[in-house]
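Asker: Last residue of the sequence shown: 231 (numbering that gives the first Met the number 0), numbering continuous.
Take this structure, written in structure tokens, and hold onto it; I'll ask about it next.
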Amino acid sequence: MVDAADAQAIAKRIQGIRRHIPQRVRLIAVTKKFSADIIRIDYAAGIRDFGESQVQETIAKQQALTDLDDITWHLIGHLQSNKARKALEQFQWIHSVDSLKLAQRLNTLAQEMGVRPQCCLQVKVVPDPPKYGFDRSELWPALPDVAKLDCLHWAGLMSIPPLGLSAEETRFAFHQAQTLQSEINQKQLPNLKLRELSLGMSGDYQSAIAAGSTMIRLGTALFGARPAANSY
Ligand SMILES: *Cc1c(COP(=O)(O)O)cnc(C)c1O
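Laid out in structure tokens, this is it:
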């Protein structure tokens, strides 16, 4: 449960962050592992964009929030193919399109379901073997095929720098993502005019914004440490 004092503290943090970020930047509240109550508090504080990393967890919360009908839901975690249909039912944005195969699956389903989700290609601008996402070397050859998937609205790139980088290395990684975005746009592939950069989390969103981020994904900066176990 969230009490009134918590609610006030959260609303204050949201206002504080809003004051310090440019208007062009979309603030996504990352509520994974937090309860639907927290989403209500954010909503009352003006937030309409919510980020979640698991399809199942999100469905449970959405069922408790059916009265809040102008929320935009952003999937930011790895999506397994067998959950792709559910994801398209629940989310308007998918930031974590991390393979050509997943993109193709989403495109087929989107056509079938008559939806056109906003999608980001998740890229690894610094090598990070254990993480999901396109390596540069995978991305370039995949792009012509990605461009053909026109039931998806290709909105931008998403990237998460590897853990343990210095502040300077992180800044460099964000700039690399921005450069990659312009390089892709210069190719002028049909359907691939990328406007968005989904970059920046609680620890690094300021440098992400300096590198051109248009969407920051904040959890702990708004809510404090996440519960170890799900509390939704
Ligand atoms: C959890 C998560 C976030 C939020 O992280 P914080 O450090 O709590 O702000 C942002 N993006 C992704 C992809 C995440 O999984």
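Ideal Cβ positions, reconstructed from N, Cα and C, are used throughout, including at glycine.
Count the other CB atoms within 10 Å of the CB of Arg194; is the residue buried (16 or more) or exposed (fewer)?
Answerer: Classification of Arg194: exposed, given that the 10 Å Cβ count is below 16.
Asker: Evaluate contact between the segment 146-162 and the segment 80-91, counting only Cβ atoms and requiring at least three cross-stretch pairs below 8 Å.
Answerer: Not touching, per the Cβ criterion.
Asker: Just to check, is the beta-carbon of Arg216 closer than 7 Å to a non-hydrogen atom of ligand 1?
Answerer: Yes, since a heavy atom of ligand 1 falls inside the 7 Å radius drawn around the Cβ of Arg216.
Asker: Less than 7 Å between the CB of Gly163 and some heavy atom of ligand 1, yes or no?
Answerer: Not under cutoff, so the answer is no.
Asker: Can you tell me which of the three DSSP states His94 falls into?
Answerer: Strand.
Asker: Are Gln180 and Gly155 closer than 8 Å when you measure CB to CB?
Answerer: For Gln180 and Gly155, yes; Cβs fall inside 8 Å.
Asker: List the residues that DSSP assigns as beta-bridge partners of Gly155.
Answerer: Cys119, Glu195.
Asker: Give the range of the beta strand (DSSP E) segment to which Thr71 is assigned.
Answerer: Start and end: 71-74.
Asker: Should Thr219 be listed as close to ligand 1, given that the test is whether its C-beta is under 7 Å from any heavy atom?
Answerer: For ligand 1, at least one heavy atom lies less than 7 Å from the Cβ of Thr219.
Asker: Which first and last residues belong to the alpha helix (DSSP H) in which Ile16 is found?
Answerer: Per DSSP, Ile16 belongs to the alpha helix (DSSP H) from 3-19.
Asker: Can you give me the Cβ contacts of Gly76 inside the same chain, cut-off strictly under 7 Å, excluding the 5 residues immediately before and after it?
Answerer: Once the five neighbours on either side are set aside, the close Cβ partners of Gly76 are Ser52, Gln53, Ser95.
Asker: Is Val29 near ligand 1, judged by its Cβ being under 7 Å from some heavy atom?
Answerer: Result yes, Cβ under 7 Å from ligand 1.
Asker: With 16 as the cutoff for other CB atoms within 10 Å, does Gln61 come out buried or exposed?
Answerer: It counts as buried.
Asker: Classify Met50 as buried or exposed, calling it buried when 16 or more other Cβ atoms lie within 10 Å of its own Cβ.
Answerer: Note on identity: in this sequence residue 50 is Gly, with Met being the wrong assignment. Looking at its Cβ environment, which holds 16 or more other Cβ atoms inside 10 Å, Gly50 is buried.
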